[in-house]
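Protein chains in written order, with the numbering used here: chain B, 1 to 369; chain P, 370 to 738; chain R, 739 to 1107; chain H, 1108 to 1476.
All residues carry an ideal CB built from backbone N, CA and C; glycine is no exception.
Note that the coordinates shown come from a computational prediction; the quantities given were computed from them, not determined experimentally.
Here's what the structure looks like:
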């Protein structure tokens, strides 16, 4: 439903880049989740622009939990987070409001909202709206952590510079390292090269995209639904809400499309009294339902559309060809900042899936006894 | 909601492979859509196994519309389609019911449904359930066709054999050609090679995957919602309901993640009094909302997991390592059959998006006057 | 969503009175509920017309469960029930199709479906559609019974003839008696008078309405949500789906509106180590959430609109005043038949509420430990 | 979904009585509705306590629209309203937190939220949460007014003192009068008596309930859905979200249950080229769908549970019998204040129904042409 996501757990997003505030309401949370403010702030921190590889616009993004928390624990009633907009430079948006910035939503939004949209700084379409998503994701992670479910992502690629692959022999250590980093890579040397590339992009008034690889461990088997609430359906629905993501892959989905079945199939085995698969091309999901192996996801991120070069465009009111020079403070790359937004959307989707599962789990466990 | 998909238009799927019947209920349809049975049957026909490149199991898949149609037109009340299961060979499923077929849902379904699932022929997880999806998609296409919206797909790749790219100069002709084909390719020579590869897979008791590329033309601009009902979110949600699809890309999403912004951005121009973009890397969608350009989608399909070779697996009841030899009649490749399922899911998703849009469109148009 | 009801458990209704079939899909059921066919048939039996107090049209209403049940237990995948239409007399509906039967949906449906609705026998608006609701309710009751939750209703009033009030000292015995009756009353003498009144109505070509009082025992406290999923919201939403119901009261809602707070408040006390209230004016619900006391509901049912007298009406196509004489076999009273439909809707609503509750219950119980 | 209501238009409610703020998010609004602040404030004003017939607690209830409005018009993106909590007297809630106030949600909420609920002043269950509902209703009314749809309510009864019935000959004048009143009655003398009774209740440390009658004119025919989105289902779902309402009647629903069909049926006639009914016992709704006649609703309101007398109760933590004396500033009657909350819920429900209808209306109208 438009700006609401989820079934048993829902988040509702609101706000515009240059309005009074942005925020999110989370409904369906359990009662009694302890709010870990330090963790919440550390998540918000990963989304903030830092150094010369990001925009110079600084936002404090201070979190106000205005409902749903009492004495430090979730009550179970809707938890609403408000983030006030502060650092909104009053530049002349009026003069360029009918010019469609290439690869931005200005034109499509004008058709959708018939000219009534708030066009300042992208309005409701601004990347700023990912801040409340991170806040909501952090709350969900507090829940997931009590069940030993872990989520971590690394920057698999920026432009054509690749990070190492995960080593599942020491996945816990690797995930911990990533979750302590602002620029999350497994191979620090690759990380340096990526940041150099981003700097180069900034200097040439250009931008660059990349790939985020996410892994989830400790997630129980038997969660998900066969068709429209498959784990892939729910997670991709959430991920494609993030404007910059234009492709999503589960497991080795793209590579599998070139493989023969005899190679692509993940053989089942018993290991330490538990069912595992010897390979994990399916990324922990069979038939839309988790099988207990790590869930793996690749999100493909397009280069930031805001670049400082002069670009061809149209005035969609006068219907004339024009050029546009986007002023202001922009990110030459958002891959490293979008990482925590992806972690958050995955956390939200998985919490919802777990809760949906519990509707019938409770019933059945009683049947058994 | 589990087996229901959609907001303003919903489809609800039901049935098991070896149960009495499978089917679908479509709710929220307009009144007065003429039911074109010939078109409906031609769609069903594209999903059927044909020749030696498909399974030998033949199903008549006869459509029974039991409600929601009167005098040849949709009434607007729920339209339910029933397809009886006929050709169910009573082989001994009992003996292998606790063996997890690799890359199938047997194990994850057992954990989800606690041993109560219908395990015969994949049960609710069977590819047979895509038949009612095609029927529902055909009904939605009847609606879309009245507004000159067209959908077509080709087999972009099987294994490593590629079809030509679309030529948007003559896209109408190409789409028409594809929609008249059972094995849908733009380059017939490539098509021959693909079919040879599939035959080879069958002979070596193996299987192969591939890629379907879908294009939608004539879809109006300004449809979709900024976050959780973005066009990408809704379409991917539907596509990932199809078990074999493990990656979905909009526009040139994967390639864009390697591009610089100056190359990836689609410049706007006025052409014939209409806003267009000179390139279409974003696949017709900006900020989750259509911009009037063709919508383009790639679906990555894993090789059929059912292969006739002996494979390692486990008995998930006794918790022992075992081997399995999957008997029966299987598809060495389902890419060509899944093509029409993808067209159908896209049609369903787009009809829903159009209807969601109309909730506010009507209101606003009156404001203007 | 139109013909779908529920959150965690959903039912989707379809069919027309003179179409091929009517039916329902139930999704979100637990796996492993034993299907008690005898009980299911006994429920269907209570809805059937019997004797001279009901319509002469007899329907076999044979239940076909076409999916979601395997080896006698629910699988947990969608359970679809089909009931074929058999006894459809092919009278000339064509000639009266543009005449609006008073208090029926003919006119409003024509405006809603723009002339495309199936007008034969009320089409989708026919009381026949309550048959699948009863079937779905019976399935939900199988679940509720495993947790000792009981539902029973009596005919509190027909016209102005009243049945006795419940005696909560011996409520179990009374509920059992009611559930074994076709014409459910506590006072058999009152029941006789009611049936005499119905006969009298039939003879005078008239009809009569009444009130059904429902009681639910054994339902746990702490179920429901404060605002839009309050127990009253969910149950009334379901009950008002039944066309003949025009008012719904929880507890002593109507009487309470005349009382002073000092009399209307239900005092809490401890009894046998359990919290109870000394009166139950609130009908077991405080702030939208159950408090463990019996849930009590009154449904007010209008007289059957189909009467054999000549009535004033309009032809809504020619827009002329006309008269109409409704031919056919009609119920002079449906209160006794609607009783089991109400029990069923209440069962469906309460099963959904229980499942919604369990999404967070599971989580929390783990927190406690 | 818990604290979210609606299909095509949704409202999401959040906040606790003594938390930082309460509020609501409205999603699915049309773009371009002019925000009439004066009207919004006049609606908020009707809900405020005034004079000696209400609580002495005064709240400014200042509306902050933090998103979804730009240059005085709705954008079409989520509109969030925040109302800060100000006048929260820090009395010792701690000492009585485990005592269940009779007919309040304290006990049921404790079972629902497992002790984590914010118990101060009723928390999320406080009547304060109706303030954002009124704000949302006011926004919806701005939309409805552009289509000449009008809503008004009067206090039909307080205790046993009755107001006059509507006179539909001069309904426009009567509705206008009501909408200009704080204590909305048709007969001012009856209004005086009602207020005297309320004063009497206050003096005797008691409270009193009543009935609100609502009428909607100008609402188009053909809106609503046959079963689960019937007009009665949607409106009652909304109304029963208001804690004090324990019964809801459409048309003359209660009286109809005592009538014969020949009297209860509303005969159709043509008047001024339009289809009308000569009586309106069905309250403008046939088969769940509007027929163009005025929609009429009665809401039955229980007496305020907070009375200053000593009452029997339990301590639900120690499980002992206790007495409670509720301190503070309470309403001896909330019927007059709840009037505008009912108008608002009806406005929200009807706007949603209109928008749902438009999903198919648009389609069909194009078919016709």
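State yes or no: is the beta carbon of residue 1135 (chain H) nearer than 9 Å to at least one beta carbon in chain C?
Judged by its chain identifiers, the structure shown contains no chain C, and its protein chains are B, P, R and H.
Apart from the five residues on each side of it in sequence, which residues of its chain come closer than 6 Å, Cβ to Cβ, to residue 1313 (chain H)?
1414
Going by the DSSP bridge assignment, what does residue 743 (chain R) pair with across the sheet?
R:749
List the residues of chain P whose Cβ lies closer than 8 Å to the Cβ of residue 966 (chain R), in chain order.
Correct list: empty, because the minimum Cβ distance to chain P is about 17 Å.
By how many angstroms is the C-alpha of residue 144 (chain B) removed from the C-alpha of residue 167 (chain B)?
23 Å
For chain B, check one thing: does any of its Cβ atoms lie closer than 9 Å to the Cβ of residue 1093 (chain R)?
Yes, residue 1093 (chain R) lies at the interface with chain B (some Cβ there is under 9 Å from its Cβ).
Let me know if residue 1010 (chain R) comes out buried or exposed under the rule of 16 or more other beta-carbons within 10 Å of its beta-carbon.
exposed
Note down, one range per segment and in chain order, each alpha helix (DSSP H) of at least 4 residues found wholly within the region 71–126 of chain B.
106–113
Exposed or buried, which one is residue 815 (chain R) when buried takes at least 16 other CB atoms within 10 Å?
buried
Could you tell me the boundaries of the alpha helix (DSSP H) in which residue 503 (chain P) lies?
Note, residue 503 (chain P): alpha helix (DSSP H), 499–514.
Span of the alpha helix (DSSP H) holding residue 606 (chain P)?
600–608
Please report the residue range of the alpha helix (DSSP H) in which residue 1280 (chain H) lies.
Counted as a single uninterrupted DSSP element, the alpha helix (DSSP H) harbouring residue 1280 (chain H) occupies residues 1278–1286.
Return yes when the Cβ of residue 1450 (chain H) is within less than 9 Å of the Cβ of residue 1321 (chain H), no when it is not.
A distance below 9 Å separates the beta carbons of residue 1321 (chain H) and residue 1450 (chain H).
Measuring CA to CA, which of P:694, P:673, P:571, P:683 is closest to residue 257 (chain B)?
P:673
Using CA coordinates, which residue listed in R:850, R:779, R:782 is at the minimum distance from residue 444 (chain P)?
R:850
May I ask which residues mark the beginning and end of the alpha helix (DSSP H) holding residue 411 (chain P)?
Here the alpha helix (DSSP H) through residue 411 (chain P) covers 406–416.
Starting from residue 23 (chain B), follow its DSSP beta bridges and name the residues at the other end.
B:14, B:82
For residue 1418 (chain H), which residues does DSSP report across the bridge?
H:1431
Would the C-beta of residue 487 (chain P) count as close to the ligand GTP, meaning under 8 Å from any of its heavy atoms?
This structure lacks the ligand GTP; in fact it carries no ligand of any kind.
Select from R:772, R:755, R:869 the residue whose C-alpha is nearest the C-alpha of residue 435 (chain P).
R:755
In angstroms with no decimal places, state the Cα-to-Cα distance between residue 703 (chain P) and residue 423 (chain P).
7 Å
Starting from residue 1260 (chain H) and walking both ways along the beta strand (DSSP E), at which residues does that stretch end?
1257–1265
Within this structure, are the beta carbons of residue 928 (chain R) and residue 899 (chain R) separated by less than 9 Å?
yes
How should residue 1475 (chain H) be labelled, buried or exposed, when 16 other C-beta atoms within 10 angstroms of its C-beta is the threshold for buried?
Note that residue 1475 (chain H) scores a pLDDT of 46, beneath 50, so its modelled location is shaky and nothing firm can be said.
Return the chain-ordered list of same chain residues with a C-beta closer than 8 Å to the C-beta of residue 505 (chain P), the five sequence neighbours on each side being excluded.
Cβ within range, chain order: 380, 393, 395, 450, 713, 717.
Which bits of chain P does residue 78 (chain B) rub up against, with CB to CB less than 7 Å?
Within 7 Å Cβ-Cβ: nothing; residue 78 (chain B) doesn't reach chain P, min ~17 Å.
Can you confirm whether the region 1278–1291 of chain H touches the region 1427–1440 of chain H when touching is taken to mean that 3 or more C-beta pairs between the two stretches lie within less than 8 Å?
no
Quick one: does residue 378 (chain P) have its CB under 9 Å from some CB of chain H?
yes
Report the rounded CA-to-CA distance for residue 1013 (chain R) versus residue 798 (chain R), giving the unit in angstroms.
47 Å
For a cutoff of 9 Å on Cβ pairs, would you count residue 394 (chain P) as touching chain H?
no
What does residue 373 (chain P) touch in chain H if you count any residue whose Cβ is under 9 Å from its own?
None at all; the shortest Cβ gap to chain H is about 13 Å.
Can you tell me where the alpha helix (DSSP H) with residue 948 (chain R) in it begins and where it stops?
Element bounds for residue 948 (chain R): not the alpha helix (DSSP H) but the beta strand (DSSP E), 948–955.
Distance check for residue 453 (chain P) and residue 383 (chain P), CA to CA, integer angstroms please.
12 Å
So if I threshold CB-CB distances at 9 Å, which residues from the region 1188–1215 of chain H count as touching chain P?
none
Does the region 1145–1163 of chain H come into contact with the region 1108–1118 of chain H, if we say contact requires no fewer than three beta-carbon pairs (one atom in each stretch) closer than 8 Å?
no
Counting Cβ pairs, one atom from each stretch, are 3 or more of them under 8 Å apart for the region 995–1005 of chain R and the region 969–985 of chain R?
No, the region 995–1005 of chain R is not in contact with the region 969–985 of chain R.
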